[in-house]
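Engineer:
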Amino acid sequence: MAKAKGTTLIPRLKYIDVKGTPAQKEAILALLRPEFQAEIRKGILQAGWYPLDLLVDLSLAIDKVMGKNDLALIRELARFASEEVLNTVYKMFFRVGSPEFIVSSSANLWTRFYNSGTLKFDFNKAEKKVTFQVIDFDQPSHVHCLTIMAWMEKTLELCGLKLRAAQCVQCREKQAAHCEYLFRWE
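Going by the numbering used here, the residue at position 184 of the sequence shown is 187; the numbering climbs one at a time, nothing skipped.
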């Protein structure tokens with residue numbers, strides 16, 4: 004089973020605290036499995052490893068309570084999380100690095116967030132596009148795919164790129180060999 008680092012969960016909990024109400028937070032927690040509720044109430048550790056299902060279930064519960072229960076809020080959650088993590092811990096990368104350097108660093112950082120799979124990329128400056136592939140991730144999930152796509156979208160924007168298109172071109176949930184995301188910029 005795939006695991007996600009606490010750093011992927013903490014921004015979602017912060018999102019609830021910043022944009023939600025205490026009643027919404029309780030409603031979100033009530034939708035989670037008892038063991039996931041216990042983990043959150045105990046406190047999520049940044050360096051801790053948690054089941055990917057906790058990340059997925061928490062995201063779905065937030066979408067249901069604070070959104071329209073249509074997965075649209077998953078994108079906002081992932082973008083919020085990307086900005087939270089990258090504007091704090093990795094802020095210096097964005098000050099000194101080129102978009103290509105930051106993309107390659109993102110691929111190298113995959114194992115700091117997930118214990119399964121690898122993130123590969125093809126950065127094509129001439130064609131103004133970058134492709135990301137998530138290879139051998141042992142627990143494909145549509146919510147996780149939406150999360151990765153929105154996270155990378157925000158990361159590219161933080162690099163200074165003005166995106167004109169973002170799409171999932173392959174998905175393991177649709178029987179593809181891997182998940183693949185294509186981004187084009189102006």
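Note that CB positions come from ideal geometry on N, CA and C, so glycine has one too. Bear in mind the structure is a predicted one, so any value in this text is a computation, not a measurement.
With 16 as the cutoff for other CB atoms within 10 Å, does Arg82 come out buried or exposed?
Structural biologist: Position 79 of the sequence shown holds residue 82. The residue in question, Arg82, is buried, as its Cβ has 16 or more Cβ neighbours within 10 Å.
Engineer: Using only alpha-carbon positions, find the residue among Leu166, Leu76, Ala129 and Gly163 that is nearest to Ile19.
Structural biologist: Counting from one through the sequence shown, the residue named residue 19 turns up at place 16. Selected option, being the one with the closest Cα: Leu76.
Engineer: Roughly how many angstroms separate the alpha carbons of Tyr184 and Leu161, rounded to a whole number?
Structural biologist: Taking the sequence shown and counting its residues from 1, the one referred to as residue 184 is at position 181. Taking the sequence shown and counting its residues from 1, the one referred to as residue 161 is at position 158. Taking the straight line from one Cα to the other gives about 18 Å.
Engineer: Check Gln173 in the structure and name its three-state DSSP category.
Structural biologist: The residue you call residue 173 lines up with position 170 of the sequence shown. In this structure, Gln173 counts as strand in the three-state DSSP scheme.
Engineer: For my contact list, Ser109 and Leu80 are in at a C-beta cut-off of 8 Å; report their separation, rounded to the angstrom.
Structural biologist: Looking up residue 109 in the sequence shown gives position 106. Looking up residue 80 in the sequence shown gives position 77. Not confirmed; about 18 Å, so no contact.
Engineer: Just tell me which of Asn118, Leu166, Asp141 and Gln142 has its CA closest to the CA of Pro102.
Structural biologist: The sequence position of residue 102 within the sequence shown is 99, counting from 1. Per the Cα distances, Leu166.
Engineer: One question on the structure: do Ala129 and Pro14 come within less than 8 Å of each other, judged by their Cβ atoms?
Structural biologist: Residue mapping note: residue 129 aligns to position 126 of the sequence shown, counting from 1. Residue mapping note: residue 14 aligns to position 11 of the sequence shown, counting from 1. The answer is no: Cβ separation not under 8 Å.
Engineer: Any idea what DSSP makes of Lys17, helix, strand or coil?
Structural biologist: For the purposes of this step, residue 17 is taken as residue 14 along the sequence shown, with counting starting at 1. Residue state, collapsed to three classes: helix.
Engineer: Leaving aside the five residues before and after Lys8 along the sequence, list all residues of the same chain whose C-beta is less than 6 Å from its C-beta, in chain order.
Structural biologist: Looking up residue 8 in the sequence shown gives position 5. Correct list, in chain order: Phe116.
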